[in-house]
Structure formats: C-alpha cells, structure tokens
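Position in the sequence shown counted from 1, then plus 479, gives you the working numbering.
Heads up, the beta-carbon is just placed ideally off N, CA and C, and yes, glycines get one too.
As the structure is a computational prediction, the values presented were derived from the model and not from experiment.
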Amino acid sequence: MTGERSGRVLAIDPGTVRVGVAVSDSARQMAFPREAVAAGPSLVDTLVQLIDDEAPVTVVVGLPLTLDGQRAQAATSATALFEQLQRRLEGTGIEVVQHDERLTTKVAARQMTASGTSQRAGRSRIDSAAASVLLQGFLDGGSR
Numbered sequence: 480m481t482g483e484r485s486g487r488v489l490a491i492d493p494g495t496v497r498v499g500v501a502v503s504d505s506a507r508q509m510a511f512p513r514e515a516v517a518a519g520p521s522l523v524d525t526l527v528q529l530i531d532d533e534a535p536v537t538v539v540v541g542l543p544l545t546l547d548g549q550r551a552q553a554a555t556s557a558t559a560l561f562e563q564l565q566r567r568l569e570g571t572g573i574e575v576v577q578h579d580e581r582l583t584t585k586v587a588a589r590q591m592t593a594s595g596t597s598q599r600a601g602r603s604r605i606d607s608a609a610a611s612v613l614l615q616g617f618l619d620g621g622s623r
C-alpha cells in the first residue's frame, strides 16, 4: 500500500514558473523544503538529478484539485509531469505517486506570514513551502 514503505520521500509541487521541492527525513516524520527549481524544458532532467541526489524511495507529485475534489485546470500539466517521472524512474524501485495538493500554497503562505516572513521575501520560497505542506500531508497519513 502506498505510503507504508520505509525511507525518504521527495515531494514535488508543480508550478508554471517554479516547482517546489521538499524531502522527508528517513523516518518519514518531517518534511523539509529544498530550493525550488525552474519550470521549463529541462524540468524532468533537473528533477531526475535531484531525485538521484536525494535518494528517496517514494516521489510524491502534487495533483491540483478544486475544493469539491474535481481536477483543477493545472491538473493536466501536473499529471503529464507525474507520467514523465514514472517513465524516467521505471525500473529504479522508486515509487511515484500523485497526492491531492488542495490549499497547500495558501497554508504555506499563512505559515510563512505567521513566522514573520514578508510576502516579498516569501515569494522565492513559497513553492517549496507548499511542497513541504504537500509532503507533510502525505506523511501524516493522507496518502492515497
């Protein structure tokens, strides 16, 4: 069953400009943001290199859904990224899954504001903060 394997998990929060990235500890208790990567033509290659560097056993790709659970407009590109990563990681033993990312950016923005991070300073970190929220939700048992 998804989410019950041991080892690190890497989360990807797809975006049109930047893609947020977060990684868990090996005990799968906490999510830690990593530097976001630029979206663009070399995105999959960049992510595969990052996955190789971080050595997770599971990769979680965010799936944008609306509040009522329908696939959001961005779900098409997120699913395409998920499928590309599945193909590139086939045979490596790394599990690639999609996970509901509803409200991750809003939650991350609230957390950053509560911690005293200004909106201007937070712009460069919001994507990976959202990936951390996505990953923590997955780790806390919300995996599908």
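Out of Ala557, Glu580, Gly572 and Ala534, the CA that lies nearest to the CA of Gly548 is found in Glu580. Per DSSP, the continuous beta strand (DSSP E) segment holding Ser503 begins and ends at Arg497 to Ser503. In the three-state reduction of the DSSP assignment, Leu613 falls in the helix class, which pools H, G and I. Between the beta-carbon of Val575 and that of Val540 there is about 7 Å, and that keeps the pair under the 8 Å contact cut. The region 485 to 543 contains, as complete beta strand (DSSP E) runs of 3+ residues, the segments 488 to 492, 497 to 503, 510 to 517 and 537 to 542 (chain order).
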